[in-house]
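First up is the structure itself, then whatever we jot down about it.
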């Protein structure tokens with residue numbers, strides 16, 4: 036009986052150790068898979084932040100036509116990517132730089148309306164950024180030039196207690212394509228970005 040009890044206790048202890056080892060192995064695999072799934076943002080993510088700003092829906096522009104107070108004013112880029120401008124109607128703005136839109140608008144105004152129009156365009160208000168996931172208050176926030184991921188998260192109430200505070204996923208429109216990439220919190224944010232703060236594994 037004593038030998039049998041000792042054998043039973045040893046077997047129970049061995050099973051417990053085996054279960055613990057299995058659990059640790061599974062946890063280690065999960066951790067490795069998390070690391071393996073880490074995919075830094077493509078090069079285009081970083082290149083686009085150094086290029087001239089390109090307009091899209093939600094941007095609001097201050098357009099000045101020299102000595103034409105009736106044309107000077109604030110105009111929004113609509114959901115179709117156009118601005119509605121007096122005399123010339125809809126003007127495509129999506130994907131264009133400010134300088135490109137200035138030239139396009141001046142050319143349209145030359146076509147029977149003004150002899151030599153002098154057009155300048157500035158951003159009156161950038162399209163919003165969206166912050167989701169493990170932050171204090173997810174939502175839509177105003178974009179400010181020079182904003183980083185860390186700045187954006189601070190505006191959204193900071194990290195939650197469960198947040199991964201090292202890197203985030205950003206969804207961004209680049210050359211008409213919607214791309215998601217993983218970036219560090221020190222990386223720059225662009226107007227229109229959606230920032231997702233993930234929950235940490237441990």
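In my numbering, the protein residues as written are 36 to 237. The beta carbon of each residue, even a glycine, is placed where N, CA and C say it ideally should be. Please read all numbers here as calculations on a predicted model, not as lab measurements.
Extent of the continuous alpha helix (DSSP H) to which residue i belongs
i: residue 139; result: 133–145
i: residue 210; result: Element bounds for residue 210: n/a, residue is neither H nor E.
i: residue 185; result: 184–190
Distance, residue j Cα to residue i Cα
i: residue 155; j: residue 195; result: 43 Å
i: residue 182; j: residue 224; result: 6 Å
i: residue 101; j: residue 107; result: 8 Å
i: residue 232; j: residue 206; result: 12 Å
i: residue 235; j: residue 151; result: 59 Å
i: residue 222; j: residue 148; result: 45 Å
i: residue 87; j: residue 210; result: 13 Å
i: residue 184; j: residue 153; result: 38 Å
i: residue 187; j: residue 178; result: 8 Å
i: residue 204; j: residue 81; result: 14 Å
i: residue 138; j: residue 197; result: 49 Å
i: residue 146; j: residue 180; result: 35 Å
Inter-residue CB distance, residue i and residue j (contact presumed, cutoff 8 Å)
i: residue 176; j: residue 226; result: Not really, about 11 Å apart at Cβ, beyond 8 Å.
i: residue 128; j: residue 109; result: Incorrect: roughly 14 Å between the Cβ atoms, too far for contact.
i: residue 120; j: residue 133; result: Residue 120 to residue 133, Cβ: 15 Å. No contact.
i: residue 192; j: residue 168; result: Contact flag wrong, Cβ pair sits at about 12 Å.
i: residue 116; j: residue 163; result: The pair is not a contact, with the Cβ atoms about 16 Å apart (cut-off 8 Å).
i: residue 89; j: residue 131; result: 7 Å
Spatial neighbours of residue i in its chain, beta-carbon cut-off 7 Å, leaving aside the 5 residues before and after
i: residue 202; result: 217, 218, 219, 220
i: residue 136; result: 90, 128, 156
i: residue 213; result: 206
The beta strand (DSSP E) enclosing residue i, as first and last residue numbers
i: residue 175; result: 174–176
i: residue 220; result: Note, residue 220: premise wrong, no beta strand (DSSP E); not H, not E.
i: residue 229; result: 229–232
Residues of its chain near residue i, where Cβ-Cβ distance is below 6 Å and the 5 sequence neighbours each way are ignored
i: residue 97; result: 109, 157, 159
i: residue 229; result: 165, 206
i: residue 123; result: 143
List, from N- to C-terminal side, the alpha helix (DSSP H) runs of 4 residues or more that fit wholly inside the segment 82–169. Note on the segment 82–169: whole alpha helix (DSSP H) runs with a minimum of 4 residues are 133–145, in chain order.
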